[in-house]
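In the order they appear, the protein sequences are chains A and P. Numbered by numbering that gives the first Met the number 0, the letters in the first sequence go through residues 0 to 250 in order. Numbered by numbering that gives the first Met the number 0, the letters in the second sequence go through residues 0 to 173 in order. C-beta atoms are modelled at their ideal positions from N, C-alpha and C, and glycine is treated no differently. Note that this is a predicted model, so its numbers are computed, not measured. Working notes, beginning with the structure itself.
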Amino acid sequence: MAVSALRTEIINVKKILIGIIFLSFIGAAGAALAAGIGDQAGSETYSDPLAPFNEKMFWINLKLDKYIMRPVATGYADVLPEDVRRHIGNFWDNVGVIPRFANNLFQLKMVPAGTEVSRFLINSTLGGAGFFDVADPWFGLKEHDEDFGLTMGHYGVPMGPYLVLPFYGPSSIRDALGRAADGAMNPMSYTLPWYISLPAQAGATAASAINYRSLNLQLFEDVDRYAVDLYGAVQDGYIQRRRKREAENTF
Amino acid sequence: MAAVKETVRQVLAIVTDPSYKSATSARRQKLREVIAPRFDFSDMAKSSLGYHWRTLTPAQRADFVRAFTALLEASYMGKIESYKGQKISYLRETQDGSYAQVYTSIQSGGGEPVSVNYRLKQSDGTWKVYDVAIDQISLVGNYRNQFNRVINDKGYAQLLAAIKQKEQSIDSGR
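What follows is the structure, given as structure tokens:
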């Protein structure tokens with residue numbers, strides 16, 4: 000049963016995903032965005048119009064984590080000591096400078112945008128190709144994380160309905176579009192032909208995700224252990240943190 | 000908010016006290032005595048239910064507060080007991096009338112520090128914690144979304160059963 004059921008499930012998910020992409024192109028997403036996630040006040044839960052899709056995707060992501068990500072990350076953590084994995088995390092972080100810089104710029108945050116450039120130059124050289132974050136302790140230059148979802152938020156685009164993405168997990172209509180925009184800023188995607196850049200970017204995403212997962216083995220377990228309703232806990236965690244970031248961004 | 004600092008100090012003194020090493024239930028009792036006066040569990044339980052609280056009878060409310068408190072205890076006592084010398088820093092505090100917030104961060108290993116902010120309310124001259132934000136996520140708000148989803152899908156009775164079951168599974172797992 001399992002394989003065919005999973006296949007039907009994936010086909011359903013595909014259909015819904017294609018539907019969403021189509022809708023967003025014909026501008027219906029605008030209406031969906033206006034509807035918004037909604038406040039907790041009235042119904043006490045977030046409005047979740049995509050819940051049937053989201054819950055399926057959430058379940059698939061959990062399986063993906065249980066049978067692939069977690070075992071791989073655990074094996075990886077057995078081979079590489081924690082401090083080495085932290086340096087690898089720094090490396091991936093350093094590589095992701097372009098969307099951070101661009102989105103600071105888009106929001107007219109000139110000083111943080113400049114800081115991102117300085118951090119990249121310092122860490123890529125003195126920090127040994129980005130494996131060491133020396134810009135923070137030596138020069139007091141802290142990272143200013145921004146993404147295109149937050150940029151859209153900065154200019155008044157609401158978060159839109161909650162959306163669970165395959166592999167990436169919790170997101171929203173707006174933030175998923177933002178993620179695509181940030182991905183398009185990756186130099187690989189405009190300097191290399193797509194049949195090289197797509198697998199290369201997927202490989203980089205997988206490698207950094209495994210590294211990240213290996214550094215958060217306990218954290219993931221804790222959430223699972225303490226939550227009464229895991230979907231609701233993850234959904235709320237995502238929305239609360241994004242709202243917090245947005246509130247910091249409006250001034 | 001010296002009260003928060005003092006409570007954390009007492010908690011750390013208990014968990015690092017070697018004489019409790021083989022007396023976990025005595026230690027838990029001691030922890031409860033220190034923590035209970037500082038946390039307003041019934042207020043936390045009430046706001047975690049949101050408007051559903053109003054639909055409950057006084058007896059149901061008391062039962063829910065007990066179940067919720069037991070869940071929090073089971074969840075966080077285990078976490079507190081696994082304390083391994085993580086560094087706790089007091090960053091700042093803000094006060095607005097009878098509401099206050101104490102910002103702390105916990106540094107474990109070489110990772111990023113995790114922010115833990117205590118939200119307090121003053122009533123009858125004592126400051127009590129009514130919510131904790133861990134890594135920017137309000138604990139009570141997070142439970143509220145979970146609880147209301149379960150109530151909307153399956154009803155209140157199922158939620159109460161799920162909370163009790165979760166608490167037992169955490170307790171038996173330690």
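Return yes when the Cβ of residue j is within less than 9 Å of the Cβ of residue i, no when it is not.
i          : j          : result
Ile-169(P) : Arg-240(A) : no
Ala-132(P) : Arg-118(P) : yes
Gly-231(A) : Asn-147(P) : yes
Phe-100(A) : Glu-115(A) : yes
Gln-145(P) : Val-227(A) : yes
Phe-138(A) : His-86(A)  : no
Phe-147(A) : Gly-126(A) : no
Gln-234(A) : Asp-47(A)  : yes
Val-139(P) : Met-43(P)  : yes
Ile-209(A) : Tyr-75(A)  : yes
Which two residues bound the contiguous beta strand (DSSP E) that contains residue i?
i          : result
Lys-4(P)   : Per DSSP, Lys-4(P) belongs to no beta strand (DSSP E); it is in the alpha helix (DSSP H), 1 to 14.
Leu-71(P)  : Looking at the DSSP string, Leu-71(P) is not in any beta strand (DSSP E); the run it does join, the alpha helix (DSSP H), is 57 to 80.
Ser-196(A) : Looking at the DSSP string, Ser-196(A) is not in any beta strand (DSSP E); the run it does join, the alpha helix (DSSP H), is 193 to 214.
Which residue or residues does DSSP assign as beta-bridge partners of residue i?
i          : result
Gly-168(A) : Leu-164(A)
Asp-223(A) : According to DSSP, Asp-223(A) bridges with nothing at all.
Phe-38(P)  : Val-128(P)
Gln-28(P)  : For Gln-28(P), which the question treats as bridged, DSSP gives no partner whatsoever.
Tyr-98(P)  : Asp-95(P), Lys-120(P)
Ile-133(P) : Val-115(P), Ile-136(P)
Gln-106(P) : Lys-86(P)
Run through DSSP, which three-state label would residue i get?
i          : result
Asp-132(A) : coil
Tyr-19(P)  : helix
Leu-119(P) : strand
Val-156(A) : coil
Lys-163(P) : helix
Thr-114(A) : helix
Leu-218(A) : helix
Tell me which residue opens and which closes the alpha helix (DSSP H) that residue i is part of.
i          : result
Arg-244(A) : 229 to 248
Glu-54(A)  : 50 to 63
Tyr-189(A) : 186 to 190
Asp-77(A)  : 69 to 78
Lys-153(P) : 138 to 153
Arg-99(A)  : 96 to 105
Ignore the nearest five residues each way along the sequence and tell me which others in residue i's own chain have a CB closer than 7 Å to its CB.
i          : result
Leu-70(P)  : Ile-162, Lys-165, Glu-166
Ala-27(A)  : Interpretation of Ala-27(A) is limited by its pLDDT of 44, a score under 50 that renders its predicted location unreliable; the figure taken from the coordinates is listed afterwards. Closer than 7 Å at Cβ, skipping near neighbours: no residue.
Gly-168(A) : Asn-60
Thr-93(P)  : Ala-99, Gln-100
Gln-85(P)  : Ile-105, Gln-106, Ser-107
Lys-141(A) : Asp-135
Ser-137(P) : Asp-130
Ignore the nearest five residues each way along the sequence and tell me which others in residue i's own chain have a CB closer than 8 Å to its CB.
i          : result
Met-56(A)  : Val-12, Val-163, Leu-164, Pro-165
Val-14(P)  : Arg-26, Leu-30, Ile-79, Glu-80, Tyr-82
Thr-252(A) : Outside the shown range of chain A (0 to 250) lies residue 252(A), about which nothing can therefore be said.
Might you give, ordered along the chain, the residues of its own chain that have their beta carbon closer than 6 Å to the beta carbon of residue i, omitting 5 neighbours on each side?
i          : result
Thr-68(P)  : Phe-40
Asp-181(A) : Pro-98, Asp-146, Phe-147
Ile-121(A) : Ala-134
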